[in-house]
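Visitor: If you read the sequence shown in my numbering, its first letter stands for residue 182, the second for the next number, and so on. Backbone N, C-alpha and C define an ideal beta-carbon position, used for all residues, glycine too. Pasting a structure here, questions to come.
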Amino acid sequence: MEQELDDSDIARLKDLLIRSEHAESSARKALCIKIGIEPNSLSFLTQSADDVFALLLISYLHDIDNKPALCRICKELEVVFKGGKYFNDLSKIKSKLNCEQSEGGFFVAGNVIFQHSKSDSNSAYKFEPEPPSHLPYLANRSDQ
Numbered sequence: 182m183e184q185e186l187d188d189s190d191i192a193r194l195k196d197l198l199i200r201s202e203h204a205e206s207s208a209r210k211a212l213c214i215k216i217g218i219e220p221n222s223l224s225f226l227t228q229s230a231d232d233v234f235a236l237l238l239i240s241y242l243h244d245i246d247n248k249p250a251l252c253r254i255c256k257e258l259e260v261v262f263k264g265g266k267y268f269n270d271l272s273k274i275k276s277k278l279n280c281e282q283s284e285g286g287f288f289v290a291g292n293v294i295f296q297h298s299k300s301d302s303n304s305a306y307k308f309e310p311e312p313p314s315h316l317p318y319l320a321n322r323s324d325q
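Next up, the structure:
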């Protein structure tokens with residue numbers, strides 16, 4: 182069941198982001214790219230301390246209701262805290278954001294797009310072939 186993050190959840194997520202070292206100035210750009218945010222669109226990317234950056238990023242994503250990006254942050258943090266003492270706090274936040282339902286993925290192989298949605302846990306990747314290319318026919322050089 183999806184719930185709204187409260188101030189303590191935002192503070193906790195900020196704390197976890199700082200502890201993970203993803204809020205350090207050398208890691209910020211990569212984090213933004215991983216969560217699907219254009220780094221140069223954030224005025225606070227380079228001109229703030231780690232704790233200020235973490236708070237501004239989490240607050241910004243929460244204010245614009247970008248739950249997929251918040252879930253991607255949780256996924257990045259999960260790698261750092263899996264099995265540790267902060268993992269339960271992170272799991273509670275992920276549950277409030279309903280991250281498990283919003284995850285899924287796709288990959289491309291040749292001209293076929295494979296998609297997977299975690300909401301359909303009994304299925305494997307489904308494929309959707311791309312329409313044929315409308316490139317002009319190019320004669321084989323050996324035919325000439």
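1) Go ahead and pull the three-state DSSP assignment for residue 187.
2) Relative to the C-alpha of residue 192, which residue among 203, 215, 227 and 239 is closest?
3) Pull up the distance between the alpha-carbon of residue 215 and that of residue 187, whole angstroms please.
4) When burial is assigned at 16 or more other CB atoms within 10 Å of the CB, is residue 266 buried or exposed?
5) Which residues in the same chain as residue 190 place their Cβ atom closer than 7 Å to its Cβ, once the five residues preceding and following it in sequence are excluded?
6) Check whether the region 197-209 touches the region 226-235, counting contact only when three or more Cβ pairs, one atom from each stretch, lie closer than 8 Å.
7) Where does the unbroken alpha helix (DSSP H) through residue 268 begin, and where does it stop?
Guide: Taking the coordinates as given:
1) coil
2) 239
3) 24 Å
4) exposed
5) 274 and 277
6) yes
7) 268-278
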